[in-house]
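Below is one structure, written out as structure tokens, with a few remarks after it.
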Amino acid sequence: MARALVWVVVVAGFVCLAGSLVTATDWPDLAPEPELLSPTGEVVDLAGKQTLEFKWSPFIGRMWERQYYDFRLYKGREMVEATQIMVKQVPKDQYSVTVDAGVFEDGQVYTWGLKQVYMDRKSEQAYSSFKVEKGAGSACHV
Numbered sequence: 251m252a253r254a255l256v257w258v259v260v261v262a263g264f265v266c267l268a269g270s271l272v273t274a275t276d277w278p279d280l281a282p283e284p285e286l287l288s289p290t291g292e293v294v295d296l297a298g299k300q301t302l303e304f305k306w307s308p309f310i311g312r313m314w315e316r317q318y319y320d321f322r323l324y325k326g327r328e329m330v331e332a333t334q335i336m337v338k339q340v341p342k343d344q345y346s347v348t349v350d351a352g353v354f355e356d357g358q359v360y361t362w363g364l365k366q367v368y369m370d371r372k373s374e375q376a377y378s379s380f381k382v383e384k385g386a387g388s389a390c391h392v
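Going left to right, the sequence shown walks through residues 251 to 392 as our numbering numbers them.
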């Protein structure tokens with residue numbers, strides 16, 4: 251009986267995830283950071299384009315627990331309220347956001363961030379910066 255009680259205490263106090271020992275109190279902090287696909291650290295050519303699509307990888311973490319994605323767009327590299335130009339709650343089964351190209355200025359750097367939001371926790375924000383070019387001769391087409 252004493253062994254059974256000790257085993258229950260050990261099981262209740264720890265959760266084993268992917269081969270690592272994690273205390274149960276750490277569980278709320280384990281929401282995985284999403285993986286950004288594009289644009290990521292590049293020059294984006296918007297010449298003649300009407301929109302820019304932001305894409306990320308689906309199914310990171312437990313989709314059935316995820317509530318939504320928190321998408322944010324900033325002008326410049328600093329991710330603070332003063333530079334924030336867009337905030338959008340994206341449904342949990344949607345893996346991209348399309349933004350009107352008119353939002354972006356030629357030669358300007360922008361940063362986008364994304365969090366996965368679960369019922370009881372949020373992931374760290376994944377983020378990437380890119381430079382917009384609206385004239386001919388840009389390095390990368392998106």
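Glycine included, each C-beta is placed from N, C-alpha and C at the ideal position.
Rounded C-alpha distance that separates residue i from residue j
| i | j | result |
| --- | --- | --- |
| Lys305 | Asp370 | 25 Å |
| Lys299 | Ala281 | 35 Å |
| Arg327 | Phe380 | 9 Å |
| Tyr345 | Val382 | 22 Å |
| Thr333 | Leu287 | 23 Å |
| Gly357 | Glu374 | 29 Å |
| Pro278 | Gly291 | Any reading at Pro278 needs caution, since the residue's pLDDT is 47, under 50, leaving its predicted position unreliable; the model's value is listed next. Cα-Cα distance, rounded: 30 Å. |
| Leu296 | Asp350 | 10 Å |
| Val294 | Glu331 | 24 Å |
| Leu364 | Thr301 | 19 Å |
| Leu372 | Glu315 | Looking at the sequence provided, one finds Lys at residue 372 rather than Leu. For Lys372 and Glu315, the distance between alpha carbons rounds to 11 Å. |
| Glu285 | Gln317 | 17 Å |
Whole-number beta carbon distance between residue j and residue i, since they are thought to touch under 8 Å
| i | j | result |
| --- | --- | --- |
| Gln366 | Tyr319 | 6 Å |
| Pro289 | Ser378 | 7 Å |
| Glu283 | Ala376 | 5 Å |
| Val242 | Val347 | Residue coverage of the chain in this structure runs from 251 to 392, which leaves residue 242 outside it and unanswerable. |
| Thr361 | Met329 | 6 Å |
Option nearest residue i by Cα separation, candidates the options
| i | options | result |
| --- | --- | --- |
| Lys342 | Ala351, Tyr368 and Asp356 | Tyr368 |
| Arg322 | Asp350, Lys338 and Ala332 | Lys338 |
| Lys384 | Gly291, Leu364, Gly363 and Val359 | Val359 |
At 3 residues or longer, what runs of the beta strand (DSSP E) sit wholly inside the region 332 to 386? 334 to 341, 346 to 350, 359 to 368 and 376 to 383
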